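Residue numbering for the sequence shown follows this note's numbering, starting at 7 and increasing by one per position.
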Amino acid sequence: MKTDKAQKPNLQQLTSTHQEIDLISNSKKPTVLLVEDDDIAGSTIAMMVETLHCSVIRVENGLDALSIVGSMKIDLVITDLCLPVMSGTEIIEHIRKINKTVPIFIVTGYLHTATETEMISDSDKKSCGVIEILMKPIRMKNLLDKIKEHTLIESAPKAALMKI
7 MKTDKAQKPN LQQLTSTHQE IDLISNSKKP TVLLVEDDDI AGSTIAMMVE
57 TLHCSVIRVE NGLDALSIVG SMKIDLVITD LCLPVMSGTE IIEHIRKINK
107 TVPIFIVTGY LHTATETEMI SDSDKKSCGV IEILMKPIRM KNLLDKIKEH
157 TLIESAPKAA LMKI
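Here you go:
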């Protein structure tokens with residue numbers, strides 16, 4: 007759900023987003039929740055993930071992400087660390103209270119706090135439930151390989167990948 011960072015979403019935006027989520031919930035496609043407030047990065051990552059024939063729900067902040075994780079089945083969460091409303095690490099902590107098993111990937115351009123730097127070590131990564139940390143700019147092959155490695159999401163047919 008794309009919203010202006012300074013404003014709350016209006017009722018029409020919320021209704022439209024909930025209708026999209028209802029359609030996705032009824033789909034047999036794997037569902038990926040993407041939490042990314044940067045338009046270019048969000049659009050690029052969503053396009054990459056969609057090549058695996060996944061439904062992508064993109065939100066720009068943690069409150070929207072937690073609402074979705076609490077209301078539907080999510081097959082993978084991909085989150086940035088530096089976000090409005092709550093940080094990526096806070097989002098991960100809250101998601102783990104709701105869903106202990108969903109794979110979580112972090113995508114970031116930089117690590118700027120001790121907590122985030124700690125999270126990147128293998129032992130801490132596992133304890134907080136993060137499976138992969140990918141640095142921006144994201145390479146498509148790397149992202150898709152990691153998704154296939156850690157989830158049940160399969161490759162798209164070669165013809166679909168050739169169009170990119």
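Heads up, the beta-carbon is just placed ideally off N, CA and C, and yes, glycines get one too. Since we're looking at a predicted model, the values are computed, not measured.
Cα-Cα separation, residue i to residue j
i	j	result
D10	E66	Interpretation of D10 is limited by its pLDDT of 41, a score under 50 that renders its predicted location unreliable; the figure taken from the coordinates is listed afterwards. Near 9 Å, if we compare the C-alpha coordinates of E66 and D10.
G76	D70	10 Å
C88	T157	25 Å
V62	E56	7 Å
D44	V91	14 Å
M53	V113	15 Å
P143	D151	16 Å
Where residue i sits in the DSSP three-state scheme
i	result
E56	helix
S129	Confidence in S129 is poor, its pLDDT being 47 and thus under 50, which makes the residue's placement unreliable; the coordinate value appears in the next sentence. Three-state result, S129: helix.
L82	strand
S61	strand
I153	helix
I139	strand
V91	coil
T187	In the structure as shown, the chain starts at 7 and stops at 170, and residue 187 therefore has no counterpart that could be examined.
L69	helix
Of the residues the options, the one placed nearest residue i, counting alpha carbons only
i	options	result
G48	I97, D86, E99	D86
E42	V136, E160, G115	G115
H59	L149, K35, T50, G68	K35
I137	L82, V55, I110, D151	I110
N105	S93, M141, G135	G135
K79	V38, P143, T95	V38
E160	I51, D81, I74, D44	D81
Closer than 8 Å to chain D by CB, residue i
i	result
E99	Among the protein chains of the structure shown there is no chain D, as only one such chain exists.
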